[in-house]
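Here's the structure we're looking at; comments come further down.
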Amino acid sequence: MGRQPGLGGRRNISKMGDQDVYDRLSGSQTDGEMGEEKGESEGESEKRGSWTGAESLYQFSSSLRAVVRIRQKYLTMKKRRLELAGLGVVGPVVGAGLFTGAPVRTSPKIFTFEGLTPSSTTTTFSSLLQKRKKKKRSRRVMFPSGGGCRAPVIKEHSRAKNCLFLLCTILFLQVYNAIENLDDHVLRYDLEGLEKTLCREVFGQQGAMEALLAQLRDYLSTYVHNKPLVLSLHGTSGVGKSHVGRLLAGHFRSVVGEPLVLQYFVLHHCPLEDDAWRCARALTILVSETVLRAEEEEKIPVFIFDEAEHLHPELLDALRDLVQSKLSNEYLNAVYLFLSNQGHNHITKHLLHNSSSDSMMTVSEYHGNFVKELTPLLRNTLEMLHPLWAEAELIPLTLLEKGHVTECFLDEMMREGFYPDRTNIERLAGEIEYYPVVWGRVYARTGCKQVVAKVNLL
């Protein structure tokens, strides 16, 4: 009998609607928050009511409990928002917080549309627009870390770039034109053909001919010079100086024309010393006319002076004035070749005393070492004779060995139409005078000078 009222109460609760339970739960939550202002009796009744509500809450669905919690949280947040707004409804609550010394709660800044009037809405939107405008105006430029604040680079069209591009184009065209002219000059003078001729016709002077061709190739590769090319070949009698002069004269006559090539033999053109002044004046006029004609044809003339050891002082003075770079440009484009036996004593002594150290070298190394050691001594001797030799590039010619003399006999006999009998050639070569044997080398005293005369006696 005592349990019937409890069962009846549970049936009443189960028949209760969702709205009544919702109101009871919200009411119990409100009363729980205001429990400090009520008495002890009322607190006991609230506790009993809360226990009964809790017992009944577990019988409902979880969705309803979630709705209740959201509603409670919403009311609590609304109450705090009103407290911050300073309304009179919650004034005692704020005061109570200050009186008890408890910290005033602050709610997060959450925007809602409740309590907004049209005027406040307009003000809010206008303030938002102003903030956005300010943000756009005060937009900061982001820089990479550690790079420092630098102003953005503004690309401007510069006229200097166009001028630089034009200058580079002009420079490229000039270099290209110079290269084309270089090839034209080399082909015009046919230096490859000259090299083949010298290698075929000159015996025992391979190093000297390489040095001569190198000088000609460097000079004739362009038409603009700051001084004329002055070469001086020195050697003993019979080593091939006059033969080289004839080969060069014949080659350049076929290339630049006969009027631009001058072969000057001192004993033929000026044999008397009394006529030295007249010869010097005539030579100066002849060289000037040739140079001017070559300038008109854009070619380089060649002047060959054989037997230069017989040149008179007046002729040497005139030639020195011509080869100096103080004259006009047309005089700077010319090749002067002197053939002389001056300094042959130094050449002979050097070869006879230094053949042992050069026995294991190649031809190029041998001649390079030979020129390096002999040129200073030879230049000092020649400069003491006349200042003209200070303007010249010296190319010494070595002594000819017995094998070179044999080649001279063979070549001359074939020119004259004789049968090249090896026994006969060895016999003729044995009739030539030689220096004593030096480290396996046998040098001829007169070179190939007597070869022509001996072949003519056959």
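Note that UniProt numbering numbers the sequence shown so that position 247 is 247, with each residue one more than the last.
All residues carry an ideal CB built from backbone N, CA and C; glycine is no exception.
As the structure is a computational prediction, the values presented were derived from the model and not from experiment.
My output table needs one value for residue i: the three-state DSSP class, helix, strand or coil.
| i | result |
| --- | --- |
| phenylalanine 99 | Because the pLDDT of phenylalanine 99 is 40, which lies under 50, any placement of that residue in the model is unreliable, and the question is left without a value. |
| aspartate 411 | helix |
| valine 405 | helix |
| tyrosine 223 | coil |
| leucine 458 | coil |
| cysteine 448 | coil |
| glutamate 33 | With a pLDDT of 41 at glutamate 33, under the threshold of 50, the modelled position of that residue is not reliable, and no figure is offered here. |
| lysine 241 | helix |
| leucine 351 | helix |
| glycine 368 | helix |
| glutamate 289 | helix |
| glutamine 174 | helix |
| phenylalanine 252 | helix |
| histidine 269 | helix |
| alanine 453 | helix |
| glycine 39 | Note that glycine 39 scores a pLDDT of 42, beneath 50, so its modelled location is shaky and nothing firm can be said. |
| glutamine 206 | helix |
| glutamate 309 | helix |
| phenylalanine 165 | helix |
| proline 420 | coil |
| aspartate 275 | helix |
| isoleucine 432 | coil |
| glycine 257 | coil |
| histidine 386 | coil |
| serine 63 | helix |
| serine 28 | Caution is warranted here: a pLDDT of 44 is assigned to serine 28, below 50, making its placement in the model unreliable, and the coordinate value is therefore given only provisionally. The answer is helix: DSSP assigns serine 28 an H, G or I state. |
| lysine 299 | coil |
Just grab the DSSP bridge partners of residue i for me.
| i | result |
| --- | --- |
| glutamine 263 | Ile304 |
| proline 396 | His234 |
| leucine 229 | Val335 |
| valine 438 | Arg441 |
| serine 340 | His234 |
Could you check if residue i is buried or exposed, using at least 16 other CB atoms within 10 Å of its CB as the buried criterion?
| i | result |
| --- | --- |
| asparagine 329 | exposed |
| tyrosine 443 | buried |
| asparagine 226 | exposed |
| residue 517 | This structure does not reach residue 517, given that the chain is present from 1 up to 458, and the question cannot be answered. |
| glutamate 412 | buried |
| proline 313 | exposed |
| lysine 73 | exposed |
| proline 396 | buried |
| proline 376 | exposed |
| alanine 390 | exposed |
| residue 471 | Missing from the structure shown is residue 471; the chain here goes from 1 to 458 and no further. |
| aspartate 218 | exposed |
| histidine 268 | exposed |
| glutamate 273 | exposed |
| valine 209 | In the sequence on display, residue 209 carries methionine and not valine. The residue in question, methionine 209, is buried, as its Cβ has 16 or more Cβ neighbours within 10 Å. |
Hey, is the region 243 to 251 in contact with the region 343 to 353, meaning 3+ C-beta pairs nearer than 8 Å? Counting Cβ pairs under 8 Å, fewer than three are found: no touch.
Check your understanding: Does the region 315 to 324 touch the region 209 to 223, meaning 3 or more C-beta pairs lie closer than 8 Å?
Key -> no
Can you confirm whether the region 420 to 438 touches the region 256 to 266 when touching is taken to mean that 3 or more C-beta pairs between the two stretches lie within less than 8 Å?
no
inquiry  = Three Cβ pairs or more, each shorter than 8 Å: is that satisfied between the region 230 to 249 and the region 443 to 452?
reply    = Yes, the region 230 to 249 touches the region 443 to 452.
Check your understanding: Does the region 192 to 201 come close enough to the region 295 to 313 that 3 or more CB-CB pairs lie under 8 Å?
Key -> no
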